[in-house]
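Participant: Take a look at this one; I'll ask things after.
Chains as they are written, first to last, in the numbering used here: chain A, 1 to 159; chain B, 160 to 322.
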């Protein structure tokens, strides 16, 4: 039997929460972030405002706003961004390629996907007296498999 | 050690150069900080005496690689940082189509001669035969290989005949 509709709009092309939940979430770097587990709707405007991502047993979940979603495809949800939290655990090298340590935590600008500072657990003897090195985002040259800075270790040790 | 006497014409002074001997065994990093391997040899041109490239013992692939100077971004006494992501290291990365479907893994890389530029990839999944994806069908390569929306991967399964 055909379902009756009183939507006031043509909703034939709309997707449902079932089309979102359980789908893999892939960031702009092709990294599988996790699985969409919740859909958030504004109680005031009744708009779709974002999704919650389950990253598995060990890692804590993540909420991603609508503005960071590129498209909801048949098999996955693609993001427009590389999730900055994925930087945790990456190695940090100075501009000369000298290993400084590992990213232990990050500071963001509010709830945006923008890094303010990274906190690095030092592996170098040079910083052994420090528990953590705070590196501002301006010093980051490139983030890929690891992190490369645009300053030397000497510059950081002077700070 | 006392400072040696310099005999130079237009060359850089001693303190502005790098001791290549100390570079042997140091790490080679890609543009994104991936550890490619360690420097085995540094090769110079016998004609103009310029540095031509480095021989690298791969970290993730056992075969050694010879990387030309034009792919160097920075050379210091600590490491060599490249200005590229090495395309031969795409092997075994997952390939995802524009709909988010995993269509297989990279089994072979076809490059434009000896350059780092891709011509295409051979991809295979558990049940499919090896098939070719040209560079024009690739949106980007990072953690995975993501294909363009207009590219329709023609997967051929084992039970389908070769034409």
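C-beta: ideal position from N, C-alpha, C; glycine also. Here the structure is a predicted model, which is why all the values come from computation and not from measurement.
When the distance is taken between beta carbons, is residue 187 of chain B closer than 7 Å to residue 195 of chain B?
Facilitator: yes
Participant: How many whole angstroms separate the CB atoms of residue 117 of chain A and residue 135 of chain A, which I take to be in contact at a CB cut-off of 8 Å?
Facilitator: 6 Å
Participant: Taking only the alpha-carbon atoms, compute the straight-line gap between residue 304 of chain B and residue 24 of chain A and give it to the nearest angstrom.
Facilitator: For residue 304 of chain B and residue 24 of chain A, the distance between alpha carbons rounds to 16 Å.
Participant: Please work out which residues of its chain come closer than 7 Å, Cβ to Cβ, to residue 56 of chain A, disregarding the five sequence neighbours upstream and downstream, and give them in chain order.
Facilitator: 34
Participant: Terminal residues of the continuous beta strand (DSSP E) containing residue 179 of chain B?
Facilitator: Unbroken run through residue 179 of chain B is the alpha helix (DSSP H), 179-182; no beta strand (DSSP E).
Participant: In this structure, does DSSP put residue 135 of chain A in helix, strand or coil?
Facilitator: In the structure shown, the three-state DSSP call for residue 135 of chain A is strand.
Participant: Can you list, in chain order, the residues of its chain whose CB lies under 8 Å from that of residue 41 of chain A, leaving out five sequence neighbours each side?
Facilitator: 47, 48, 49
Participant: Taking C-beta pairs closer than 7 Å, name the residues in chain B that residue 101 of chain A reaches, listed in chain order.
Facilitator: From the beta-carbon of residue 101 of chain A, no residue of chain B is found nearer than 7 Å; the closest lies around 13 Å away.
Participant: On the CB-based measure, 16 or more other CB atoms within 10 Å of its CB, does residue 122 of chain A come out buried or exposed?
Facilitator: buried
Participant: Helix, strand or coil: which one does DSSP assign to residue 70 of chain A?
Facilitator: strand
Participant: Round the Cβ separation of residue 92 of chain A and residue 120 of chain A to the nearest angstrom and send it over; I've been treating them as touching at under 8 Å.
Facilitator: With a Cβ gap of about 5 Å, residue 92 of chain A and residue 120 of chain A count as contacting.
Participant: Under a Cβ-count criterion, where at least 16 other Cβ atoms within 10 Å of its own Cβ denotes burial, should residue 193 of chain A be classed as buried or exposed?
Facilitator: Any question about residue 193 of chain A goes unanswered here, given that chain A covers just 1 to 159.
Participant: Helix, strand or coil for residue 154 of chain A, going by three-state DSSP, please let me know.
Facilitator: It is helical.
Participant: In terms of residue numbering, what span does the beta strand (DSSP E) encompassing residue 54 of chain A cover?
Facilitator: 48-54
Participant: Using DSSP bridges, identify the partner residues of residue 102 of chain A.
Facilitator: A/91, A/121
Participant: Would you identify the three-state DSSP class for residue 263 of chain B, choosing helix, strand or coil?
Facilitator: Residue state, collapsed to three classes: strand.
Participant: For the structure I just gave you, are there three or more beta carbon pairs, one from the region 263-270 of chain B and one from the region 232-252 of chain B, closer than 8 Å?
Facilitator: yes
Participant: Throw me the rounded Cβ distance for the residue 201 of chain B and residue 210 of chain B pair, which I believe falls under 8 Å.
Facilitator: 7 Å
Participant: How many whole angstroms separate the CB atoms of residue 192 of chain B and residue 145 of chain A, which I take to be in contact at a CB cut-off of 8 Å?
Facilitator: About 6 Å; that satisfies the 8 Å criterion.
Participant: Along the chain, where does the alpha helix (DSSP H) containing residue 5 of chain A start, and where does it finish?
Facilitator: Run containing residue 5 of chain A: none; DSSP gives neither H nor E here.
Participant: Counting pairs of beta carbons, one from the region 6-17 of chain A and one from the region 274-286 of chain B, are three or more of them closer than 8 Å?
Facilitator: Using a Cβ-Cβ distance cut-off of 8 Å, the region 6-17 of chain A and the region 274-286 of chain B are not in contact, since fewer than three pairs of beta carbons, one from each stretch, lie closer than that value.
Participant: Count the other C-beta atoms from every protein chain shown that fall within 10 angstroms of the C-beta of residue 324 of chain B, then say buried if there are 16 or more, exposed otherwise.
Facilitator: Residue 324 of chain B lies beyond the residue range present for chain B, which begins at 160 and ends at 322; the question has no answer from this structure.
Participant: At a CB distance below 9 Å, what residues from the region 236-249 of chain B approach chain A? Give them in sequence order.
Facilitator: For the region 236-249 of chain B, the set of residues with a beta-carbon nearer than 9 Å to any beta-carbon of chain A comprises 236, 237, 238, 239, 240, 244, in chain order.
Participant: Can you confirm whether residue 305 of chain B, when its beta carbon is compared against all beta carbons of chain A, has any partner nearer than 7 Å?
Facilitator: yes
Participant: With a threshold of 7 Å between beta carbons, is residue 75 of chain A in contact with chain B?
Facilitator: Taking CB atoms only, residue 75 of chain A has a neighbour in chain B less than 7 Å away.
Participant: At the 7 Å Cβ level, is residue 13 of chain A part of the contact set with chain B, yes or no?
Facilitator: no
Participant: Using DSSP bridges, identify the partner residues of residue 293 of chain B.
Facilitator: B/279
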